[in-house]
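Colleague: Read in order, the letters of the sequence shown correspond to residues 1 to 222 in the UniProt record's numbering.
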Amino acid sequence: MFVLTLDQRDSTHLSDAVPGLLALLGRECTTTLPFERTAGDEVQALFASAQDVVDALTLVLRHGGFAAGLGVGPVDQPLPDSTRAARGPAYTAAREAVEAAKLGSGAQLAVVAHADDSRTPTEAGEEVSALVWPWAVLVAARTQKQWEALDALREHGTQKAAAEALGRTPQALSKLVRAAHAEELQACALSVSRALARLDRVTGGGDRTSGTRPAETRGKPR
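1) Would you say Leu57 and Ala136 are within 8 Å of each other, going by their C-beta atoms?
2) Return the bridge partner residues of Val60 from the DSSP annotation.
3) Since Thr38 is in the alpha helix (DSSP H), which residue starts that stretch and which ends it?
4) Quick check on the DSSP output: what are the complete beta strand (DSSP E) runs of length 3 or more inside the region 46 to 108, in order along the chain?
5) Write down the C-beta distance between Ala50 and Asp200 rounded to the nearest angstrom, noting that I regard them as a contact closer than 8 Å.
6) Helix, strand or coil for His156 per DSSP?
7) First and last residue of the beta strand (DSSP E) that includes Thr203?
8) Just curious, the beta strand (DSSP E) that Leu6 is in, first and last residue?
9) Could you spell out where the alpha helix (DSSP H) holding Thr129 opens and where it closes?
10) Run through DSSP, which three-state label would Gly20 get?
11) As a quick exercise: from Ser105, Ala100, Leu61, Pro34, pick the residue whose alpha carbon is nearest that of Ala85.
12) Just the C-alpha distance for Phe2 and Trp147, rounded to the nearest angstrom, thanks.
13) According to DSSP, which residues form a beta bridge with Val177?
14) Quick check on DSSP: helix, strand or coil for His13?
15) Identify which residue in Ala39, Leu6, Ala115, Phe47 has its Cα closest to the Cα of Gly73.
16) Using the rule of at least 16 other Cβ atoms within 10 Å of the residue's Cβ for burial, across every protein chain shown, is Ala130 buried or exposed?
17) Going by the CB atoms, is the gap between Asp52 and Thr31 shorter than 8 Å?
18) Identify every residue that forms a DSSP beta bridge with Gln171.
19) What residues are listed by DSSP as bridge partners for Gln44?
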């Protein structure tokens, strides 16, 4: 399973961004145990689906301002009602991952995997982290105008219709979409999702519990 821990960057000098992020993630994400504030400026959730994790990471990277640590591995059963009460190797891995992410640069994202009851990170987790990081850096580098172009394209279906909705020319919108590396990063996101799913199987985490989808989920282009 997947534990995503987020920690606000430079929180001593910035206003509290946790409530806004919690509202966004609670509205948009599919989780097994929902996002909640766990301590200080940290937010955490449990996932059973690799694709749901990628969707959540995309939202976090778009929002900005948070280091992200993803732990992969088993979680003690039965699951409690709150991620704050959950335990297991995936939670230990997530703690290590977010601490590593805070030491990094760029997107500040790390993946750590613990197999079964092992306290030692797996080599497979390091390999997946190396794959995820460049994808995350490029997603985080998108500008607001690029995100708006991607949102409009997703909503309206064609570049012509999206351009009209934004009051732009099709050529201008096409330039924004290309600069956002839309097709390339969509393919990368699929590869990241598959790699995380394989890592979940390798560590013995498995999809033991199905996620609960919110009544209204609006995904963002990746």
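A virtual CB, placed ideally from N, CA and C, is assigned to each residue, including glycine.
Modeller: Taking the definition as stated:
1) yes
2) Answer is none; Val60 lacks a bridge partner.
3) First-last for Thr38: 33 to 39, but that is the beta strand (DSSP E), not the alpha helix (DSSP H).
4) Listed in chain order, they are 66 to 72.
5) Between Ala50 and Asp200 the beta-carbon gap is near 6 Å, inside 8 Å, which marks them as a contact.
6) Correct three-state label for His156: helix.
7) Segment 182 to 203 is the alpha helix (DSSP H) holding Thr203; no beta strand (DSSP E) there.
8) Residues 2 to 8.
9) According to the sequence as given, residue 129 is Ser; it is not Thr. Per DSSP, Ser129 belongs to the alpha helix (DSSP H) from 123 to 140.
10) helix
11) Pro34
12) Those two C-alpha atoms are separated by around 27 Å.
13) BP columns for Val177 are empty, so no partner.
14) coil
15) Ranking the options by Cα distance to Gly73, first place goes to Ala115.
16) With fewer than 16 Cβ atoms within 10 Å of its Cβ, Ala130 is classed as exposed.
17) One thing to note: Thr31 has its Cβ within 8 Å of the Cβ of Asp52.
18) Paired residues: none, contrary to the question.
19) Thr5, Glu36
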